[in-house]
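Q: Taken in sequence, the protein lines are chains A and B. For the first sequence, our numbering assigns the number 1 to the initial residue and increments by one for each residue that follows. For the second sequence, our numbering assigns the number 401 to the initial residue and increments by one for each residue that follows.
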Amino acid sequence: MAGANPVVMPKLGLTMTEGLLASWRVAPGDEVKAGDVLFVVETEKIATEIEAAGPGRIESLLANEGDVVPVGAPVALWTGESSRSERPETPDAAENVSRSATEGVSAVPAVAAERRLSTPLARRIAREKGVDLAALQGSGPRGRIKAADVEAAAPRAHAPADHASPQRRPATPVERIVADRLSASKRTIPHFYVLADADVTELLHVRAELNAGGAEPKFTVNHFVVAALARALAQAPEFGVRWTDGMIETVPGSGVGIAVDTPRGLIVPVLRDAGTLGLEDLARDASALVLRAREGRLLPGDTAGAVISVSNVGMTGVAHLVPIIDPDQSAILGVGAIKPVFRPDAEGRPALRQEMGLVLACDHRVFDGMRAARFLDRVVQGLNHPLRLLRAEHATGVRS
Amino acid sequence: MTELRYIRAVNMALADAMEADPTVVLIGEDVSEAGGAFGASRGLRERFGEARVLDTPISEGAIAGMAVGAAMSGLRPVLEIMFMDFTTLVMDAMVNQAAKARFMFGGQASVPMVLRTPHGGGLGAGPQHSQCLEAWFAHVPGLKVVCPSDPASAYGLLRAAIDDPDPVVVIENKALYAMKADVEGTPPVLPIGKAVIRRAGTDATVVAYGAAVRTAIAAADTLAERGVSVEVLDLLSLQPWDEAAVLASLSRTHRLVIVHEAVEAFGIGAEIAARMAQIGFDELDGPIMRVGAPFMPVPFSKGLEDAYLPSAAGVVRAIEKTME
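(1) Are there 16 or more other CB atoms within 10 angstroms of the CB of residue 416 of chain A, so buried, or fewer, so exposed?
(2) Enumerate in chain order the residues of its own chain whose CB-to-CB distance from residue 651 of chain B is below 6 Å, with the five nearest sequence positions on each side excluded.
(3) Determine, for residue 603 of chain B, whether the minimum Cβ-Cβ distance to residues of chain A falls below 7 Å.
(4) I'd like to know whether the C-beta atoms of residue 46 of chain A and residue 303 of chain A end up nearer to each other than 7 Å.
(5) Strictly by DSSP, which residues pair up with residue 294 of chain A?
(6) Residue 684 of chain B CB to nearest chain A CB: under 7 Å?
(7) Can you give the Cα-Cα distance for residue 394 of chain B and residue 476 of chain B, rounded to whole angstroms?
(8) Would you grab the beta carbon distance between residue 531 of chain B and residue 485 of chain B for me? Rounded to a whole angstrom, and I think it's under 8 Å.
(9) When you compare the CB of residue 720 of chain B with every CB in chain A, is at least one pair closer than 7 Å?
(10) Residues of the region 609-634 of chain B with a CB closer than 7 Å to any CB of chain A: list them in chain order, please.
(11) Along the chain, where does the alpha helix (DSSP H) that runs through residue 33 of chain A open and close?
(12) Identify, in the order they occur along the chain, each residue of the same chain with its Cβ nearer than 6 Å to the Cβ of residue 319 of chain A, setting aside the five sequence neighbours on each side.
(13) For a quick check, are the C-beta atoms of residue 479 of chain B and residue 454 of chain B less than 7 Å apart?
(14) When the Cα atoms are used, what is the spatial distance from residue 437 of chain B to residue 643 of chain B?
(15) Which of the three DSSP states, helix, strand or coil, is assigned to residue 639 of chain B?
(16) Comparing alpha-carbon positions, which option in B:466, B:718 and B:665 lies nearest residue 513 of chain B?
(17) What does the Cβ neighbour count give for residue 349 of chain A, buried or exposed, with the cut at 16 atoms within 10 Å?
(18) Is residue 518 of chain B closer than 7 Å to residue 450 of chain B when the C-beta atoms are compared?
(19) Could you tell me the alpha carbon to alpha carbon distance between residue 23 of chain A and residue 66 of chain A, rounded to whole angstroms?
(20) Any contact between the region 379-395 of chain A and the region 559-576 of chain B? By contact I mean 3 or more CB pairs, one from each, below 8 Å.
(21) In the DSSP assignment, the alpha helix (DSSP H) including residue 630 of chain B goes from what residue to what residue?
(22) Measure from the alpha carbon of residue 287 of chain A to the alpha carbon of each residue in A:344, A:315, A:326 and A:216, then state which is nearest.
(23) Could you tell me which whole alpha helix (DSSP H) segments of length 4 or greater appear in the region 418-484 of chain B?
(24) How close, in whole Å, do the beta carbons of residue 592 of chain B and residue 637 of chain B come, if the pair is a contact with beta carbons under 8 Å?
(25) Mind checking if residue 147 of chain A is an interface residue toward chain B, Cβ cutoff 7 Å exclusive?
(26) Does residue 124 of chain A come within less than 7 Å of chain B when only Cβ atoms are used?
(27) Considering only their Cβ atoms, is the gap separating residue 601 of chain B from residue 631 of chain B smaller than 7 Å?
(28) Can you tell me the Cα-Cα spacing of residue 554 of chain B and residue 580 of chain B, whole angstroms?
(29) Looking only at its chain, what residues have a beta carbon closer than 7 Å to the beta carbon of residue 11 of chain A, apart from the 5 residues adjacent to it on each side?
(30) Assign residue 39 of chain A to one of two classes, buried (16 or more other C-beta atoms within 10 Å of its C-beta) or exposed (fewer than that).
(31) Using a Cβ cut-off of 7 Å, pull out every chain A residue sitting near residue 654 of chain B, in sequence order please.
(32) Starting from residue 573 of chain B, follow the beta strand (DSSP E) in both directions and report where the run begins and ends.
(33) Just reading off the beta strand (DSSP E) that residue 354 of chain A is part of, what are its end residues?
(34) Buried or exposed, going by whether 16 or more other CB atoms sit within 10 Å of the CB of residue 412 of chain B?
(35) Would residue 432 of chain B be called buried (16 or more neighbouring beta carbons within 10 Å of its own) or exposed?
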């Protein structure tokens, strides 16, 4: 195709190797100008709209919605400038795509079809039975998905409750990415755990007073946990490290990842420099970040810049969460439910206290048990004395 | 059980209608003294008299104009146009007068007339005596169009057409005139606008009318040997056509093929395909296929005409295509 250049899968993060082409916003023949959205890429963390760098006309689409495409592989041809000139140009775009298929990263035939073909009946049945067409192989002409293909893939919801045979369905591309990353994490990171119970009786009083009368921003328990973690990190910057390709990398700042349960799955946006924020700013910024994550409006930078995250399941009543470390990080704090307990007071009499179960999962390549215990203790102390959390931490240890 | 030929069923329907209603008259070229070019009105002049079975000059325009006038003044004329190819000459009377009168006179006028005419090839009659032009009439609001596929429906639809208060075009395929079938007594009058299932099936629906119904059934027989179950729906009425029956069948089989002898382009099949693509969209599990004649005049040569007419093999291919 004379004058056609590839539009490639961009690299949206340091560790991104492939991206899910979630949806096309253009069709062949469309004239686009700089800033027009061409397609949407989902990584395990975020959905990102990819914009045209300049004007041009879309000649053809080389990837289907639902395809997982390696970074740098072409997803379309257009008359505009090559989207990433610094990447090695492949002489033949189609060759590159078919290579990606043979590597097994693509769940579907990487034929340069313009869209995923399916019959109307197949789509209707897929809607009714909740089958993801993107995960299916069609048996019709040109890979067209027919009703029978959907029926074969559909979980037999109305089957009698015999336990004769387990039901299977293909994982969605997002589920597959998450599975791959978490398996890699558990396989390569030597996890170890330190556990503690934080006394949050005082914290709950402080929080109730701060929130009294519907004042904004509304403080959540998790805001205090993030603050305690961020303060500990700012005070002990030696904890801001991670293992990267045989090197120990220091990551400046006191960013904290916050695990958010979204319709797309679990994602972990980062509240940057959380240690330097006063509690009010922290609460406001964290709430906005979580909202953006829930609405799928995160930006590429929103998931980078942290080596530690918080995963809070306290709303469920579960006592402890033993979490898996994000493969790009070195620790994660699992937060359980707050429960009332009797503890002996100074005179040995039972006193009613509120306690929260904490589990800190650590990468033993960069921490040992003693350091992890000291760090968790700092977090616990912060939660035990919540008034200290109101003030921002101005320690600038590793920041220059 | 008695054996009834298609052309004899037409003759019987005309006779029974004339017997039942003295306002029914026959008009056409050679319909009276000769009994019709294909014998449809044989014996009727003798039975009902010259005044009710009229021979006309060779002027289709005059025949149709006369019929419209007679219908608007109290008679129920049945005119015969010897070949459908010649209906080109009746168009002003049919389209501008017969079809419009009820609407233009505020519902106070009606035109209870019937235009009988044979279409179709297979007899080596050439490009001007073989055409299937039913889509022309089906395109005109105010006209009804029916197309019987066997002796029983030839009788039942012609009786219904003569009884109808509005103009009805009854199209008979001349290749079916010799068709025989066993019937029990007098066949029933059929409602206009209702299709019938000629053969039940579960894998694909073939919609056909007229002589194409036989072609569709032959294709269904072939595929049955291969384990493919084909439903054949005989439209019988083209305007109005039985949309509900086609949709119901499509909803059972999820695949649709439409067969007619008329050229495929801009035909009855196009209308059915378009409606089903709209109202039956979510039922479709394959492309809607049409089987019709190529976009060419009907050839004279026997060999070429055989290749031109839709065949059972062509219908089989279309069914296989939609089931891919």
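The beta-carbon is built from N, C-alpha and C at its ideal position, and this holds for glycine as well.
A: This is what the structure gives:
(1) For residue 416 of chain A there is no data in the structure shown, the boundaries of chain A being 1 and 400.
(2) 683
(3) no
(4) yes
(5) For residue 294 of chain A, which the question treats as bridged, DSSP gives no partner whatsoever.
(6) yes
(7) The requested residue 394 of chain B does not occur in the structure, where chain B is confined to residues 401 to 724.
(8) 5 Å
(9) no
(10) none
(11) Element bounds for residue 33 of chain A: n/a, residue is neither H nor E.
(12) 336 and 357
(13) no
(14) 35 Å
(15) strand
(16) B:466
(17) exposed
(18) no
(19) 7 Å
(20) no
(21) From DSSP, residue 630 of chain B is part of no alpha helix (DSSP H) but of the beta strand (DSSP E) over 630-634.
(22) A:216
(23) 444-448 and 460-472
(24) 5 Å
(25) yes
(26) yes
(27) yes
(28) 12 Å
(29) 71
(30) buried
(31) 121 and 147
(32) 568-573
(33) 350-363
(34) buried
(35) buried
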